[in-house]
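Protein chains in written order, with the numbering used here: chain A, 3 to 335; chain B, 497 to 814; chain C, -1 to 308.
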Amino acid sequence: MEKILEVENLHVTFSTYGGTVKAVRGVNFYLNKGETLAIVGESGCGKSVTSNAIMRLIPDPPGKISNGRILFKGQDLTRIGEKRMRSIRGVDISMIFQDPMTALNPTLTIGTQLMEGLRDHYKVSAQEAKKKALEMMTLVGIPNPEERLKQYPHQFSGGMRQRIVIAIALICEPELLIADEPTTALDVTIQAQILELFEKIQEATGVSIILITHDLGVVAKIADRIAVMYAGKIIETGTKRDIFYRPEHPYTKGLLHSVPRLDVKGDLIPINGTPPDLFSPPKGCAFTARCPFAMEVCDKVYPKESKLTDTHRVDCWLQDERAEQLMATTALK
Amino acid sequence: MKATEEMQPTSYQSEIPDEWFTRKKIDIDAAEVVSRPSLSYWQDAWRRLKQNKMAMLGLAFLILLAVMATVGPIFSPYGVNVQNLPNQYQPPSQEHWFGTDNAGRDVFTRTWYGARISLFVGLVAALIDVTIGIIWGGISGYKGGRTDSIMMRIIEILYGIPSLLVTILLLVVLGPSLLTIIIALTITGWVGMARIVRGQVLQIKNYEHVLASKSFGAKSSRIIRRNLLPNTMGPIIVQMTLSVPTAIFAEAFLSFIGLGIQAPFASWGVMANDALGAITSGYWWTLFFPAFFISFTMFAFNVLGDGLQDGLDPKLRK
Amino acid sequence: MLRYILKRLLIMIVTLWIIITVTFVLMISIPGSPFNSEGSSNATVQANLEKHYNLNEPYHIQYLLYLKSIVTLDLGPSIKQPNQTVNDLLGRGFPISFELGIITVAVAIVSGITLGIIAALRHNGIIDYLAMGLAVLGISIPNFILATLLIQKIAVDWELLPVATWSSPAHMILPILALATGPMAIIARLTRSTMLEVLTQDYIKMARAKGLSPWKITIKHALRNALMPVVTIMGTLLASILTGTFVIEKIFAIPGMGKYFVESINQRDYPVIMGTTVFYSAFLIFMLFLVDIAYGILDPRIKVHKRGGE
């Protein structure tokens, strides 16, 4: 399958007055054409920073892509000029933000905001732009598009606004869509509608999607593959089946256990503690302090990546055979 | 980090001694420890204010000014209004540190008396503004509904009144004195404060801790005192530091157009106005000292206000 | 929008009415009669006054007739200058003051906004610190002190520009500079701070994600939103520029209304003081009204909305 995006060893740092925050610490993943990859993790784990890095929207200063490559269709986005990057943003790669209430400019009409990217990049006539805009609004399911085009954001509901934001992201027909928590700010019923819209769009346009979320319900619905992020690293990655049915990393297991399910009996098990301070991330595995299976080695050395199957990878010392023996002899209380 | 991850698995594995594969005692509490010391709101604000060098400079200047306004005249053998015509327009010297003015009065002495007047007018006017503004804005924002809309309508009407013009009119009619100047300055000055307080109260009224107090059946007065006021203090303090220089400026301005405080008082504005005729003759010191102190006091209040604004804004906590 | 305008219009009229009434009450409460004290022994003046203010009628009739005279734009005679009315003085002085004021406003807005944008875009850079340092100074130095300094240095010591009066463009530079610096500094600071806040908004990030040029993002997306607060303080700024003309005209000997006004204050020429106060208040309130309308046009969210506040 053709890889549309490959991220290799990405490091992003932020310099603050208290020191340097290592927000993303060597992230590797890829995305195939037409598939949906979900990046999952709790807030502050670096998933949004990763997506902003792909768009090159990290505010610099204080942020900086300090190492690594981002290959979009073979082209390293970390090495191209800002002007070239601008011609990619919105055209080849688009982004959807978390809160539709703040993502639209309150003083400009929906039509202006919808068409400006198209007009800027392709220099199309006002009429053509309007035709395309109406087409997009119909695609994302907004009734009376002709009339709505002249209205301002405050005249739309949250769900409708998110549809507009999606239409804006798609109007130049990008090949890659990055959705940063696209449903978090919405009501549950609206969430489902927006997720269905994503599926519909992918079917219609073949766009590849990176979905940033902390919500495993969202992931279960539309992701093909999943990358689990913790403290600036991807600690486990695999297909949806791999992650949901054969999770290996204790953190992934913890995440799955802390989601309420109707089909499985038993208590919810929360993950105790909080993620580490990324000013001085631990040398070893960052989850050690919260991990019920923690061993002495975990603190000292970061585990290497274990390839469980073609698709399923995990960074955990429990994959070492000596750990297996240990776990077998001393059962967990 | 990259090096560790990409090392060859075999050699990498063998480097890890077997004894490291033992269970680690989990210390959940350690995972909960927050790595930074926690500071109260005011401690944190003070810490950030201290980092702002300009604001600290302003604060230091104002403290010095207040001290000098209190004790400054003691160092001088001259009275504030003692005229000595043969001695007029003496440049700064051993006897007269800031020189003398058109009537031979000692500028050094008059400067500190002027500081008293300016600071007094500024602080009292600001205090009155704050008091009325908090009461009006607090009630308006807290009660809401009809009360709010009537009170806000009144504010909107008052807001349109050009305050300095009304002040001039009042002073012309009542005759300029310390009291009338303060009355004239506060008569419309509180409107801005009332609007700020109301805005804050409206915002905070719906916060959860306030709703919680309400649900416990706390009385309105208690909620206003315990919940609303402490949370509105930041913007109020900032507005206050900015309304003091406004009042100082207004007093100087009024003195300058001939509506200033009359003898035996000396204000900076009166001194500047007296000096205006002499400036082109080269008697620079008569204007320089009052002008410098007016400007630097306003500067000090402005930078302090800016510093407080940054310091007291909870959103800026890092 | 129409409802909004009507509401503002109504508030404007009430404000004006309050000012006129206050003026009247102050006038009749002046100890003794304001019109024959201070040695206005001139018989013509006295006759004019009595005719205009109907001093022989009871107060409530005086009040109504006073209201009527203002509504018909007749502001009454002067005490100190026989055969001159307030209207005459305004006719002569106001155009000059208006010219001074309007140029000052234009200079302050254009330079203030430009400075504010540059400072925001170079946030925490040298240009930012420099611009904001200048702005704090500009706010701190009262215009009458700045004016005196400018005359002393630029006009007297260096002889670069004329000292006083209002007879050529060269004469206008110093007064405008003295008057515009304060408002410019306020606008620059406000523009900078709101611009910085707006630049962190999601819709700016969204505009960047669309691949728009920084120029377009600044002008089309950021500036418009950043200017809202600037528009709201325009009323206050206009008032301060207007009162600023009093001292500036006095210092630069510009024959505008401000100079006459300060003279009338010093001479206690009560009818001129009151007439001018009413006229200037009406002028300012009308400007405030225009500002409100402009705000309503700039911000589509305002339909029947309160000014400022929440």
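We put the beta carbon where it would ideally sit given N, CA and C, even for glycine.
Predicted model, so just to flag it, every value in this text is computed and none were measured.
Q) Which of helix, strand or coil does DSSP assign to D241(A)? A) For the record, residue 241(A) in the displayed sequence is Thr; it is not Asp. In the structure shown, T241(A) sits in a strand (DSSP, three-state: E or B).
**Q.** Contacting residues, own chain, Cβ-Cβ under 7 angstroms from A171(A) (five flanking each side not counted)
**A.** Here A171(A) has S96, M97, I98, L179 as same chain residues with Cβ atoms under 7 angstroms from its own Cβ, once five neighbours each way along the sequence are excluded.
Q) What number of angstroms, rounded off, separates the C-alpha of P160(C) from the C-alpha of P173(C)? A) Taking the Cα positions, P160(C) is about 11 angstroms away from P173(C).
Q.
Using 8 angstroms as the threshold, is the C-beta distance between V42(A) and H216(A) below it?
A. Their beta carbons are under 8 angstroms apart, which means V42(A) touches H216(A) by this criterion.
Q: Taking G610(B) as the reference, give the member of I630(B), F797(B), Q758(B), F795(B) with the closest Cα.
A: If you compare the alpha carbons of I630(B), F797(B), Q758(B), F795(B) with that of G610(B), the shortest gap goes to Q758(B).
Q. According to the neighbour-count rule (16 or more other Cβ atoms, all chains shown, within 10 Å of its Cβ), is P64(A) buried or exposed?
A. By the 10 Å Cβ count, P64(A) comes out exposed.
Q: Taking 8 angstroms as the threshold, find out whether the region 317 to 332 of chain A comes into contact with the region 242 to 256 of chain A through three or more Cβ pairs.
A: Cβ pair count under 8 angstroms is three or more, so yes.
Q. How would you list, in chain order, the residues of chain B whose beta-carbon sits under 7 angstroms from the beta-carbon of K302(A)?
A. Identification of chain B residues near K302(A) by a Cβ-Cβ cut-off of 7 angstroms yields W516, ordered along the chain.
(Q) Below 8 angstroms on C-beta distance, what does L675(B) contact in chain C? (A) Against chain C, a Cβ distance below 8 angstroms from L675(B) picks out nothing, because the smallest value is about 16 angstroms.
Q. Can you pull the DSSP bridge partners for R519(B)?
A. Secondary-structure assignment with DSSP links R519(B) through a beta bridge to M297(A).
Q: Just tell me which of G233(C), F250(C), N46(C) has its CA closest to the CA of L98(C).
A: Across the set G233(C), F250(C), N46(C), the C-alpha of F250(C) shows the shortest separation from the C-alpha of L98(C).
Q: Kindly indicate the opening and closing residues of the alpha helix (DSSP H) around N54(A).
A: N54(A) -> alpha helix (DSSP H) spans 49 to 56.
Q) Using 8 angstroms as the limit for Cβ to Cβ distance, is G65(A) near chain C? A) It does not; no Cβ of chain C falls within 8 angstroms.
Q. For E10(A), which of helix, strand or coil comes out of DSSP?
A. Per DSSP, reduced to three states, the secondary structure at E10(A) is strand.
Q: For Q327(A), count neighbouring Cβ atoms within 10 angstroms of its own Cβ and tell me buried if that reaches 16, exposed if not.
A: Residue environment analysis places Q327(A) among the exposed positions, since fewer than 16 neighbouring C-beta atoms fall within 10 angstroms of its C-beta.
Q. Using a beta-carbon distance below 8 angstroms, is N107(A) in contact with chain C?
A. Yes, because at least one Cβ of chain C sits closer than 8 angstroms to the Cβ of N107(A).
Q | Endpoints, alpha helix (DSSP H) assigned at I9(C) | A | From DSSP, the alpha helix (DSSP H) with I9(C) extends over 0 to 27.
Q.
Once DSSP output is grouped into helix, strand and coil, what is the label at G70(A)?
A. Correct three-state label for G70(A): strand.
Q | Three-state class that DSSP yields for H303(C) in the structure shown | A | Residue confidence is low: H303(C) scores 40 on pLDDT, short of 50, so the model does not pin down where it sits. No coordinate-derived value is stated.
Q: Please list the segments of the beta strand (DSSP E) lying wholly inside the region 61 to 122 of chain A, counting only runs of 3 or more residues, in order along the chain.
A: Listed in chain order, they are 65 to 74, 95 to 98.
Q) What residues in its chain sit with their C-beta under 7 angstroms from that of I152(C), if we drop five residues either side in the sequence? A) Taking C-beta separations shorter than 7 angstroms and ignoring five residues to either side along the sequence, the partners of I152(C) in its chain run L158, L159, L172, following chain order.
Q. For the 8 angstroms Cβ check, are there 3 or more pairs between the region 134 to 144 of chain A and the region 242 to 262 of chain C?
A. Judged by Cβ distances under 8 angstroms, the region 134 to 144 of chain A makes no contact with the region 242 to 262 of chain C, as fewer than three pairs qualify.
Q | Rounded separation between P61(A) and A233(A) - CA only | A | A straight line joining the alpha-carbon of P61(A) with that of A233(A) spans about 20 angstroms.
**Q.** CB contact check: E183(A) to chain B, cutoff 8 angstroms
**A.** By the rule that beta-carbons nearer than 8 angstroms mark a contact, E183(A) does not touch chain B.
Q) Exposed or buried, F712(B), counting other C-beta atoms within 10 Å across all chains shown (16 or more means buried)? A) That one is exposed.
**Q.** Within chain B, partners of V299(A) - CB distance below 8 angstroms
**A.** By Cβ distance, chain B contributes I512, W516, F517.
**Q.** Supposed contact pair P284(A) and T290(A) - C-beta distance, whole angstroms, cut 8 angstroms
**A.** Their Cβ separation, rounded to whole angstroms, is 7 angstroms, which keeps T290(A) and P284(A) in contact under 8 angstroms.
Q) Between the Cα of Q150(C) and the Cα atoms of S791(B), E515(B), G801(B), Y779(B), which residue gives the shortest distance? A) Ranking the options by Cα distance to Q150(C), first place goes to Y779(B).
Q. Taking Cβ-Cβ distances shorter than 8 angstroms, what residues in chain B pair up with R324(A)?
A. The contacting residues are D514, F517.
(Q) Count Cβ pairs between the region 227 to 241 of chain A and the region 36 to 54 of chain A that sit closer than 8 angstroms; are there 3 or more? (A) The region 227 to 241 of chain A, when compared against the region 36 to 54 of chain A, does touch it at the 8 angstroms Cβ threshold.
(Q) With a threshold of 8 angstroms between beta-carbons, can L110(A) be considered close to chain B, or not? (A) It does not: the Cβ of L110(A) has no partner Cβ on chain B nearer than 8 angstroms.
Q: With distances taken Cα to Cα, identify the nearest neighbour of V276(C) among R190(C), I107(C), I68(C).
A: Taking each of R190(C), I107(C), I68(C) in turn and checking the Cα distance to V276(C), the smallest one comes out for I68(C).
Q. Do the CB positions of L755(B) and I263(C) come within less than 8 angstroms of each other?
A. Their beta carbons are under 8 angstroms apart, which means L755(B) touches I263(C) by this criterion.
Q.
So, at 7 angstroms on beta carbons, what are the nonlocal neighbours of G307(C) in its own chain, with the 5 sequence-adjacent residues on each side left out?
A. With a pLDDT of only 34 at G307(C), under the threshold of 50, the placement of this residue in the model should not be trusted; the figure read from the coordinates follows. Here the set comprises nothing.
(Q) Please classify P176(A) as buried or exposed, where buried requires at least 16 neighbouring CB atoms within 10 angstroms. (A) Taking all protein chains in view, the Cβ of P176(A) is crowded by 16 or more other Cβ atoms within 10 Å, so the residue is classified as buried.
Q) Are the C-beta of S138(C) and some C-beta of chain A separated by less than 8 angstroms? A) It does not; no Cβ of chain A falls within 8 angstroms.
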